[in-house]
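Numbering (my numbering), first residue to last: 870 to 1005. Built from N, CA and C at the ideal position, the CB exists for glycine as well.
What follows is the structure, given as structure tokens:
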């Protein structure tokens, strides 16, 4: 699959959000490494998933607070995307819990990695003009 590399185009320009995104990418890269290991270890994957899911929820709450502070006009739409992603990741995680296969872990990684990078680039970067200068 391949590790995700932080790059300038992923920056929102708000330190807490950018740091959160870097941490989420680290967790995804840990998951990628676990999936690429010579021997699949479902317990290792499950531990990474727990950290990833908990941090994702913390991040969404933090990002949503920041959006409220700056009166982001697309707040409701953005929050709906967060909720949909959490629902999908929860469903995929439950599937992995019931059947802890490499294939189910891979589906979870692929969805989460694709969603996160696409969401940061297409949606979160729209926050930049609203957060720029507020936390300089």
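Endpoints, the alpha helix (DSSP H) within which residue i is located
i: residue 925; result: 911-938
i: residue 943; result: Element bounds for residue 943: n/a, residue is neither H nor E.
Proximity test, residue i beta-carbon vs the ligand FAD heavy atom, cut-off 7 Å
i: residue 944; result: This structure does not include the ligand FAD; it has no bound ligands of any sort.
Own chain, CB closer than 8 Å to residue i, minus 5 neighbours either side, in chain order
i: residue 904; result: 870, 914, 971, 974, 975 and 978
i: residue 980; result: 957, 958 and 961
i: residue 896; result: 917, 920, 921 and 924
Distance between residue j and residue i (C-alpha atoms, nearest Å)
i: residue 874; j: residue 967; result: 31 Å
i: residue 1005; j: residue 908; result: Low confidence applies here, because residue 1005 scores a pLDDT of 47, under 50, leaving its location unreliable; read the following figure in that light. When rounded, the distance between both Cα atoms is 46 Å.
From the options, residue whose alpha carbon lies closest to that of residue i
i: residue 950; options: 902, 891, 984 and 908; result: 984
i: residue 936; options: 993, 890, 923 and 876; result: 993
i: residue 947; options: 957, 969, 898 and 933; result: 933
i: residue 926; options: 939, 878 and 893; result: 893
i: residue 939; options: 997, 912 and 989; result: 997
i: residue 929; options: 954, 982 and 899; result: 954
Cβ-Cβ separation, residue j to residue i (assumed contact under 8 Å), whole Å
i: residue 888; j: residue 881; result: Their Cβ separation, rounded to whole angstroms, is 10 Å, which puts residue 888 and residue 881 out of contact at 8 Å.
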